[in-house]
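Asks: This note's numbering numbers the first residue of the sequence shown as 39 and each following residue consecutively. C-beta: ideal position from N, C-alpha, C; glycine also. Note that this is a predicted model, so its numbers are computed, not measured.
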Amino acid sequence: EFAPMRASVRAAHISGLDENLSPHVIDDRGDLGSLIVPTLVVVGRHDVVCGVRWAEELHLSDPRIGAADPGEQRALRSPRGAGGLLAGGDAFRDGRELP
39 EFAPMRASVR AAHISGLDEN LSPHVIDDRG DLGSLIVPTL VVVGRHDVVC
89 GVRWAEELHL SDPRIGAADP GEQRALRSPR GAGGLLAGGD AFRDGRELP
């Protein structure tokens with residue numbers, strides 16, 4: 039019953055390692071200024087992939103990210119990993135700090 043859905047899904051895996059199995063650094067901060075769509079950055083204080091440090095790096099790269107004006111981009115922080123937004127419900131929807 040899931041065959042049509044599976045056939046329509048396309049995915050790619052981006053490894054953190056290069057062809058020599060050395061860490062591959064992907065740094066797209068220079069391209070942030072070209073964003074023309076609203077951007078929401080969700081990080082968690084204990085997020086092992088993209089924690090608070092990286093959210094602050096994004097904000098320094100492009101001050102529109104994390105802006106105070108609700109009409110602009112903003113950063114929300116979860117005390118857990120980014121998956122904490124799933125438990126945040128109304129707080130996430132309303133743009134408040136996640137519990």
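(1) Would you list the residues sitting across from proline 61 in a DSSP beta bridge?
(2) Using only alpha-carbon positions, find the residue among Arg67, His62, Val63 that is nearest to alanine 93.
(3) Looking at the structure shown, is aspartate 69 part of a helix, part of a strand, or coil, going by DSSP?
(4) With a threshold of 16 other CB atoms inside 10 Å of the CB of aspartate 85, please say whether the residue is buried or exposed.
(5) Do leucine 55 and histidine 62 have their beta-carbon atoms positioned less than 7 Å apart in this structure?
Replies: With the structure as the only source:
(1) Walking along the sequence shown from the start, residue 61 turns up at place 23. Leu55.
(2) Position 55 of the sequence shown holds residue 93. Closest option to alanine 93, Cα to Cα, is Arg67.
(3) The residue labelled residue 69 in the question sits at position 31 within the sequence shown. Helix.
(4) By one-based count along the sequence shown, residue 85 stands at place 47. Classification for aspartate 85: buried.
(5) Along the sequence shown, one-based indexing puts residue 62 at 24. Along the sequence shown, one-based indexing puts residue 55 at 17. Closer than 7 Å, so yes.
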